[in-house]
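Take a look at the structure set out below.
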Amino acid sequence: MPVAAAVTAPAGWRTQFSGTAPVTAEWWRGFGDPVLTQLVEAALANNTDLAVAATRIAEARANQRLARAALSPSLNGSASVAEQRTLTSLGTGIDGLVGQPGVQVAYEVDLFGRLATLDRAARADLLAAQASRDTTALSVAATTANGYITLRALDARLQTAQETLVARDEALRLAQRRALTGYTSLLELRQAEAEYQSAAQLIPQVELSISRQENSLSVLTGGVPGAIARGRPLAALVPPAIPSELPSELLRRRPDIAAAEYRLASADLSLSAARALYLPRLNLSGTAGLALSSLIAAPVTLFSVGGSVLGPIFDGGRVRAGAEAATARRDAAAFAYRGTALTAFREVDDSLAGVRRSGEQAEAVGLQREALAQALRLATNRYRAGYASYIEQLDAQRGLLTADLTLIQARTDQLTAVVTLYQALGGGWGR
């Protein structure tokens, strides 16, 4: 095994949390939204990627049975029939039928464990396929949860755009009345019209995104494109408790790491089997049958038993090349395992940082939004009383809309960061 492929878990995470909650298998229930739960369960039951992964498990299971069958003897039946002419002592020919039914037995004695090693390698491949299927299931669950959260965020954006359009419509009507009375300039009227259209164009844009997101979730759950039911609004979605997991435990909690480990074990066993080809092989064989003829009253019993030893003397370097290729595959699997483990450590650290920073951002943006809402009320009152220009109200409107959209995105990032964290921690796999 390459020394450079060894994996050492970090002592701790860069971002520390005081959470003690375990990583549960059905972590998506922690959001408290029954619609989200239904979507994830539908995706796990009907997603096509999971169906493909299931067929790969079936293939790996068949390959294991094939490898195990090599440990057992093979029994084959045979039968032959021929027409035969026999000359008598008088020189005349007699026609007759000759038949020879029989059975053949062949068995390779696994002297040095090569066949048993190949059987264990096939078993490791099966376990790798099962772990890969679990990896796909975890990804599908996380993608579905994030997709639903994104959909509810788009709904919130649409509601904000509609509320903004109502406010801009009121501002436009006020500007029109003031322009008719000559109390304001034509510039302010055109600015109000432009702001109204700016808010109006947001609605079809968000509606298109909602339609696309619904179609994406529909296909993800194994259905045709269509509408998606709604549950709790974005603001009512509560993220589950932050789980606690040590870096050393992560190596046993992620299915992708387990799959990489099983592939490494399979490659190492295949290398042992390739090296066993340097050693001799013992084959046993036997046949038994009857010779039947219409010219003979009683059948003749035939049998043979034998054995052979086969060992390499000269093969042009074939066995050595096979062993070297198996060594390279084993080393590649070892480095792939290391890469998977390092990626897992990074993903958890990134997710922990994402949960903390997105929470801090959401809190700051929430305070900013409150301040901007108060500023808009003051600017509107001053404008209507004639103490301020329309530009002050316009700036306040723009600032509040930006803060509303930023707050929606910050809450979305906070929720999806928790989903990503649960996925990075293995989603309760192996518990």
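Read left to right, the sequence shown gives residues -3 to 427 (this note's numbering). For each residue, glycine too, the CB sits at the ideal point set by N, CA and C. Since we're looking at a predicted model, the values are computed, not measured.
Helix, strand or coil, according to DSSP, for residue i in the structure here?
i, result
"P200", "helix"
"S304", "strand"
"V220", "coil"
"F299", "strand"
"R277", "strand"
"P243", "helix"
"A17", "strand"
"V3", "coil"
"L35", "helix"
"L107", "coil"
"L288", "strand"
"V351", "helix"
"R250", "coil"
"S181", "coil"
"A357", "Checking the sequence, you will find Gln at residue 357 rather than Ala. Three-state DSSP puts Q357 in a helix."
"R226", "coil"
"E166", "helix"
"Y383", "coil"
"D264", "helix"
"V234", "coil"
"R10", "coil"
"D29", "coil"
"E55", "helix"
"I145", "helix"
"I404", "helix"
"D311", "coil"
"E22", "coil"
"G423", "coil"
Can you name the residues that DSSP bridges to residue i?
i, result
"Q100", "N72 and T283"
"A78", "V94"
For a test of your reading of the model: does the CB of residue i fall under 8 Å from any non-hydrogen atom of the ligand MG? Yes or no.
i, result
"S68", "Ligands are entirely absent from the displayed structure, and the ligand MG is therefore not among its contents."
In or out: residue i buried (at least 16 other Cβ within 10 Å) or exposed?
i, result
"I387", "exposed"
"A65", "exposed"
"N279", "exposed"
"V77", "exposed"
"T156", "buried"
"P308", "exposed"
"D400", "buried"
"S14", "exposed"
"D29", "buried"
"Q60", "buried"
"A2", "exposed"
"R249", "buried"
"A223", "exposed"
"L176", "exposed"
"L183", "exposed"
"Q201", "exposed"
"A392", "buried"
"A0", "exposed"
"T44", "exposed"
"Q370", "exposed"
"Q197", "exposed"
"T416", "buried"
"P296", "Pro is not the amino acid found at residue 296; the sequence shown has Val there. Under this definition V296 is an exposed residue."
When the cut-off is 9 Å and only beta carbons count, does residue i lie next to chain B?
i, result
"Y386", "Among the protein chains of the structure shown there is no chain B, as only one such chain exists."
Write down the C-beta distance between residue i and residue j rounded to the nearest angstrom, noting that I regard them as a contact closer than 8 Å.
i, j, result
"G424", "A137", "Between A137 and G424 the Cβ distance is about 10 Å, and since that is not below 8 Å, they are no contact."
"L107", "A56", "At roughly 27 Å, the Cβ-Cβ gap does not stay under 8 Å, so L107 and A56 are not in contact."
"L275", "A287", "The pair is not a contact, with the Cβ atoms about 39 Å apart (cut-off 8 Å)."
"Y258", "A120", "5 Å"
"G285", "V94", "That belief does not hold up - the Cβ atoms of G285 and V94 are roughly 12 Å apart, past 8 Å."
"A256", "T160", "The Cβ separation is near 49 Å, so there is no contact."
"L247", "I253", "6 Å"
So does the region 113 to 125 actually touch the region 294 to 303, counting three or more Cβ pairs closer than 8 Å?
No: the two stretches stay apart, fewer than three of their Cβ pairs being nearer than 8 Å.
Should the region 180 to 191 be regarded as contacting the region 157 to 172, the criterion being three or more beta carbon pairs within less than 8 Å?
With the cut-off at 8 Å, the region 180 to 191 and the region 157 to 172 touch.
Using 8 Å as the threshold, is the region 251 to 267 in touch with the region 316 to 336, meaning 3 or more CB pairs across them?
Verdict: yes, contact present.
Check whether the region 133 to 149 and the region 207 to 222 touch, using three or more Cβ-Cβ pairs below 8 Å as the test.
In short, these stretches touch, since the Cβ pair count reaches three.
Quick test of the definition: if touching needs 3 or more C-beta pairs under 8 Å, does the region 44 to 53 touch the region 119 to 139?
Put simply, the region 44 to 53 touches the region 119 to 139. At least three CB pairs are less than 8 Å apart.
Please confirm if the region 17 to 28 is in contact with the region 231 to 240, defined as three or more CB-CB distances below 8 Å between the two stretches.
Touching, yes, given that three or more Cβ pairs across the two stretches are closer than 8 Å.
Kindly confirm or deny that the region 316 to 323 and the region 372 to 387 touch, where touching means at least three C-beta pairs closer than 8 Å.
Proximity of the region 316 to 323 to the region 372 to 387 falls short of the contact definition, fewer than three beta-carbon pairs being nearer than 8 Å.
With a cut-off of 8 Å, do at least 3 Cβ pairs link the region 240 to 248 to the region 32 to 39?
Too few Cβ pairs lie closer than 8 Å, so no.
Pairing CB atoms from the region 347 to 354 with CB atoms from the region 406 to 423, are three or more of them under 8 Å?
With the cut-off at 8 Å, the region 347 to 354 and the region 406 to 423 touch.
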